[in-house]
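**Q**
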Amino acid sequence: MKPLISDVPLKYRIKKVGKYNAYVHICPNCLDYNKDLITLGFNEFEGNVIRIIECPICFKKFWHHIKQKDLLETYLLELKILRK
Ligand SMILES: [Zn+2]
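If you want it as C-alpha cells, here you go:
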C-alpha cells in the first residue's frame, strides 16, 4: 500500500532539502554502499511521501520516494528510537 503524508505525524514532517537521490541507500556524493543514511524526516513531493536523509560521512542531504507503507513505518520507528 502506498503511504500518504497523513500517515506521517506532524512532528516528523520537515522541509524538503537537498538533491533527489535515486540510489536510496547509497550516498551519491561518497558512493559508499555500506553506509547507513540517517532519516531526518518526511515530506511530500508530487503526491508521494518522501524521506529526507543525511549522509553520516559528508553530511550532505538527499531525499527519495517512499513507495510502501510498511517501509514508511520502519523509518518512522527508526526516527522514534533516535529521538528518545
Ligand atoms: Zn556522503
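Per the working numbering, the sequence shown starts with residue 8, numbered consecutively. Glycine is no exception: its CB is placed at the ideal position from the N, C-alpha and C atoms.
1) From which residue to which residue does the alpha helix (DSSP H) around K76 run?
2) Would the stretch 73-89 count as touching the stretch 31-39 if we require 3 or more Cβ pairs under 8 angstroms?
3) Looking at I57: is its Cβ nearer than 8 angstroms to the Cβ of I45?
4) Taking a contact to mean a Cβ-Cβ separation below 8 angstroms, would you say L84 touches Y19 in this structure?
5) Confirm, please, whether the CB-CB distance from I12 to C34 is below 8 angstroms.
**A** Short version:
1) K76 to L89
2) no
3) no
4) no
5) no
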